[in-house]
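Enquirer: So in our numbering, spot 49 of the sequence shown is number 67, and the numbers just go up one at a time.
Can you read through this structure? Questions will come right after.
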Amino acid sequence: MSIDHDEGHEGHLPAVEDWPKGFGEASWWPFVTAAGGAGFYVGAALFVLGRNGILSPAVGPGVFMLSSVAFLAGLYGWLYHAFVVDFWEGEADDYGFPLKLTMLLFLVTEVATFGAGFIYYFFI
């Protein structure tokens, strides 16, 4: 899909500021996030193998921590390039305060909902 054509609508394609440049809506951030998420399981498996003496006991937690960094960096990059960069550049100013309030309210409720689910799952 090229961003050089006009299909009769005004506006922008989402995530055209994304990396790598020149691919329109293509984004590598979901893959970075998925690799970090998969690394959680690899780190947990290496931790179990480290307890049995097959590997060093520090390998599993190290992989888990690196995977956490990759996962969080992927989420940050994905969110920033797809949504936040245009928001902070003032593109939402055309729609006024209700659009900004709605976006912030959505983000707060999503964090609260998933946070409550994770707290319930891990601690109760």
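Yeah, the Cβ is synthetic: ideal placement off N, Cα and C, and Gly gets one too.
Taking the C-alpha atoms as reference points, what is the distance between T127 and G71?
Expert: For this step, residue 127 is matched to residue 109 along the sequence shown. For this step, residue 71 is matched to residue 53 along the sequence shown. Going from the Cα of T127 to the Cα of G71 covers about 44 Å.
Enquirer: From L143 to K118, what distance separates their C-alpha atoms?
Expert: Nothing about residue 143 can be read from this structure; the chain reaches only from 19 to 142.
Enquirer: Taking one C-beta from the segment 80-95 and one from the segment 47-62 each time, how about it: are there three or more such pairs within less than 8 Å?
Expert: Taking 8 Å as the limit for Cβ pairs, the verdict is that the segment 47-62 does touch the segment 80-95.
Enquirer: Residue range of the alpha helix (DSSP H) that Y138 falls in?
Expert: Stepping through the sequence shown from its first residue, residue 138 is reached at position 120. Segment 115-141, the alpha helix (DSSP H) holding Y138.
Enquirer: Taking S45 as the reference, which of A100, L125, Y138, I137 has the closest Cα?
Expert: On the sequence shown, residue 45 is found 27 positions in, with the first residue counted as 1. For S45, the nearest C-alpha among the options comes from A100.
Enquirer: Can you give me the C-alpha to C-alpha distance between L93 and T131, rounded to a whole angstrom?
Expert: Start at 1 with the first residue of the sequence shown, and residue 93 comes out as number 75. Start at 1 with the first residue of the sequence shown, and residue 131 comes out as number 113. Roughly 17 Å between the two C-alpha positions.
Enquirer: Which residue's Cα is closest to the Cα of V87: Y138, F141, G54?
Expert: Stepping through the sequence shown from its first residue, residue 87 is reached at position 69. The residue with the shortest Cα to Cα distance from V87 is G54.
Enquirer: Decide if G64 is buried, meaning its Cβ has at least 16 other Cβ atoms within 10 Å, or exposed.
Expert: Position 46 of the sequence shown, counted from the start, is the residue given in the question as residue 64. At residue 64 the sequence reads Leu, which differs from the Gly that was named. Looking at its Cβ environment, which holds 16 or more other Cβ atoms inside 10 Å, L64 is buried.
Enquirer: Over what stretch of residues does the alpha helix (DSSP H) that includes S74 continue unbroken?
Expert: As a first step, residue 74 is located in the sequence shown; it is residue number 56 there, counting from the start. First-last for S74: undefined, no H or E at that position.
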